[in-house]
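Down below is the structure, laid out as C-alpha cells.
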Ligand code: ADE
C-alpha cells in the first residue's frame, strides 16, 4: 500500500491536513515536525518543511530515509505565470524546473543543475489522481503544466517575464523542484499540487496576503481528495 509523504512549506498549507490525520504520532527532525498517521485510510506523513529549496530538499530526504514514504505530494500556494491560471485555480505538475540556477557560462542551459535533468517529471499515476481530485474540488479550474521553483518571492513584472521566458512554466513557488529533485534521486514518485494565490507580478504583494489562506485551504482539500482516490484504487 502507498505510504504518502505530504509536504507543505507553511503552517497554513499543512494545518488542515494534520487536523484530519487519524492516530497521529508526532516526531521532530532537523527542526521539522513530522505527523505520521492515517489520512483517508492511507498511511501518511504530513510535514511543514519551511520555505525555500534547502528546507524542502532536507524534508523530502527525511521522509525517504526515516519514514519510508513511497510517494511524495508537495501541496501549497503559488504565483501564476500565465493568463490561463487565475487566483484560486489549481495546477498539477507535469514537471518541475528551477528558475534560479544558472551555469550557462559553462554551457549548461539556464535552470539545469549539472548532472541532473533540466526538468523533473512528475509520476503519471500521481498526476492522474491529483487531476481527478482537483477537478472534484474545483471543476473546470485545473491545469496540468510545469512548475518553476526558486528562492525568490516573485512580485515584479520583469522578474515574472524572465522566469516565464526561461522555464515556460505555468506557476512559480519556492520548494517544488527541490522536492522533485530529491524524489528523483531516491526513485520515489512525486507530484506537485498548487493553488494560485497571486499573479507573481506587481499585484502579488497585495493579493498574496488576501488569497493565501483561501488557496491553501483549497489545496489541502484536493490533497485529502487525492488520498481518498489512491486508497479507493488500492482497495479494488
Ligand atoms: N508562492 C505564492 N506566490 C508566490 C510567488 N509570487 N512567488 C514565489 N512563491 C510564491
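Residue numbers (our numbering): 9 to 244. Where a beta carbon is used, it is the ideal one built from N, C-alpha and C, also for glycine. All figures in this text were calculated on a predicted structure; none of them were measured in a lab.
Closer than 7 Å: residue i CB and nearest the ligand ADE heavy atom
i           : result
residue 3   : Since the first residue shown for the chain is 9 and the last is 244, residue 3 is missing from the structure and cannot be characterised.
residue 182 : yes
residue 87  : yes
residue 162 : yes
residue 169 : no
residue 186 : no
residue 233 : no
residue 212 : yes
residue 106 : no
Contact check, residue i vs residue j, beta carbons under 8 Å
i           : j           : result
residue 40  : residue 58  : yes
residue 25  : residue 53  : no
residue 202 : residue 77  : no
residue 178 : residue 151 : yes
residue 22  : residue 56  : yes
residue 200 : residue 63  : no
residue 20  : residue 221 : yes
Inter-residue Cα distance where the pair is residue i and residue j
i           : j           : result
residue 73  : residue 191 : 11 Å
residue 138 : residue 165 : 30 Å
residue 122 : residue 111 : 8 Å
residue 109 : residue 235 : 33 Å
residue 106 : residue 240 : 34 Å
residue 144 : residue 100 : 13 Å
residue 225 : residue 155 : 20 Å
residue 115 : residue 124 : 14 Å
In DSSP terms, what residue i is bridged to
i           : result
residue 106 : 157
residue 37  : 40
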